[in-house]
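All remarks here apply to the structure that follows.
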Amino acid sequence: MFELPIRPRRNRKSEAIRNLVEETSLKVSDFIFPMFLIEGDNKKNEISSMPGIFRFSKDKLLDEIASCKDIGVKSIVLFPSLSDNKKDKLATESLNQDGLYLSTLAEVKRNFPDICLMTDAAMDPYSTDGHDGFVENGEIINDITVEILAKMAVAQAKAGADIIGPSDMMDGRVGVIRQALDHAGYTNTSIMSYSAKYASAFYGPFRDALDSAPRFGDKKTYQMNPANRKEAVWEAQLDLEEGADILMVKPALAYLDIISDLKNNFPIPIAAYNVSGEYAMVKAASANGWIEGDRAMMECLLSIKRAGAKVILTYFAKEAAQFLQKGL
Ligand code: PBG
3 MFELPIRPRR NRKSEAIRNL VEETSLKVSD FIFPMFLIEG DNKKNEISSM PGIFRFSKDK
63 LLDEIASCKD IGVKSIVLFP SLSDNKKDKL ATESLNQDGL YLSTLAEVKR NFPDICLMTD
123 AAMDPYSTDG HDGFVENGEI INDITVEILA KMAVAQAKAG ADIIGPSDMM DGRVGVIRQA
183 LDHAGYTNTS IMSYSAKYAS AFYGPFRDAL DSAPRFGDKK TYQMNPANRK EAVWEAQLDL
243 EEGADILMVK PALAYLDIIS DLKNNFPIPI AAYNVSGEYA MVKAASANGW IEGDRAMMEC
303 LLSIKRAGAK VILTYFAKEA AQFLQKGL
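One rule links them: number in this note's numbering = place in the sequence shown (from 1) + 2.
In structure tokens:
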């Protein structure tokens, strides 16, 4: 009849051979688990738009980190949720070593010295304006913000942070943070730059979790336009030159092309932030029985890694770790 000598399906004929030729696989050590911190004691409040994700008081956070460690999740990034009376225009509370965030960082590090502890360096959790920058007459002022971020980074390094994560998208902040850290003696503190952070609709549940939505306007004068691709390479190039150790793309799933571009252009590790809205979509669809939640979760994470991200910040970290442990 006809001959078909080339048959790609031969490499798919059994699970053993499929595993053998598999190009990408996930490991628990790829994940960073984002966690939310609140004031008080003995508190563990679920975030309604992020089922399975909680805001923890310091004591409960320490328990949760212990349970993460047990299943192999050894990297976390911590975000604070502050009451309004701790907020001001200059994000002053972010420098308070006895305040909620910095004292908790120190305690986490004391209890878990081998955990890789990443911080959020941004003004929005501490700012009455809810913006990632200092606001004057309705405008976000770049250079004043950069100065504040540099002080914040040094305070976080002092508290014991391993990685500083500037999530703000101000110009030049990586270089100024690097200089400030080095001058203060923190030459070993890393910077994971949110290099290509887009003005995205997928941050909604996170802003609910922290009550950190902008009080006016939007974040389009600093976060990137989702239409732009080359600009991401430019932003990443600058961050590399300014001394970033890891470059991040955010969000992840709608930006796999950007992850791939950065992977192909730069020699340092690429990270991607599988953000709150991406998590919420999978959870909502699976709660409705519209998709299989576990399989969708693993497929999303695998796609992000296949696109080129070695490091994945994801609210699925614990669940995916359990999934990998079961060997499913
Ligand atoms: C702000 C910040 C945001 C996230 C992390 N840091 C939201 C924003 O830019 O408004 C979003 C994370 C997520 O959606 O999971 N500094």
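For glycine and all other residues, C-beta sits at the position ideal for the given N, C-alpha and C. Note that the structure is predicted; figures quoted are calculated from it, not measured.
- Distance from the C-beta of Phe318 to the nearest heavy atom of the ligand PBG is not below 7 Å.
- Cα atoms of Val30 and Ile8: separation of roughly 36 Å, rounded to the nearest angstrom.
- Taking Asp296 as the centre and dropping the five residues before and after it, the same chain places the C-beta of Phe325 closer than 7 Å to its C-beta, in chain order.
- Leu258 has no beta-bridge partner at all, per DSSP.
- Membership of Ser278 in the alpha helix (DSSP H) is indicated by the continuous run Ser278 to Ala289.
- Partner residues in the beta bridge of Asp122, as assigned by DSSP, are Gly167.
- For His185, the number of other beta carbons within 10 angstroms of its own is below 16, and it is reported as exposed.
- For the ligand PBG, a non-hydrogen atom lies closer than 7 Å to the CB of Lys221.
- Here the C-alpha atom of Leu255 lies approximately 18 Å from the C-alpha atom of Glu233.
- In this structure, the CA atom of Ile67 is about 15 Å from the CA atom of Thr121.
- One alpha carbon belongs to Tyr317, the other to Ser202, and they sit about 17 Å apart.
- Between the beta-carbon of Val176 and that of Ala152 there is about 10 Å, and that puts the pair past the 8 Å contact cut.
- If you check the C-beta of Arg209 against the ligand PBG, you find a heavy atom less than 7 Å away.
- Shown here, Lys199 sits in a strand according to DSSP, grouped into three states.
- Note that the C-beta distance between Ile34 and Ile78 is below 8 Å.
- By the neighbour-count criterion, in which a residue is buried when 16 or more other Cβ atoms sit within 10 angstroms of its Cβ, Ile142 is buried.
- Here the distance from the Cβ of Val277 to the nearest heavy atom of the ligand PBG is below 7 Å.
- When rounded, the separation of the alpha-carbon atoms in Gln181 and Gly54 is 39 Å.
- In the three-state reduction of the DSSP assignment, Asn47 falls in the strand class.
- Take the alpha-carbon of Leu102 and the one of Val23: they are about 48 Å apart.
- Using a 10 angstroms sphere on the CB of Gly174, the tally of other CB atoms stays under 16, which defines it as exposed.
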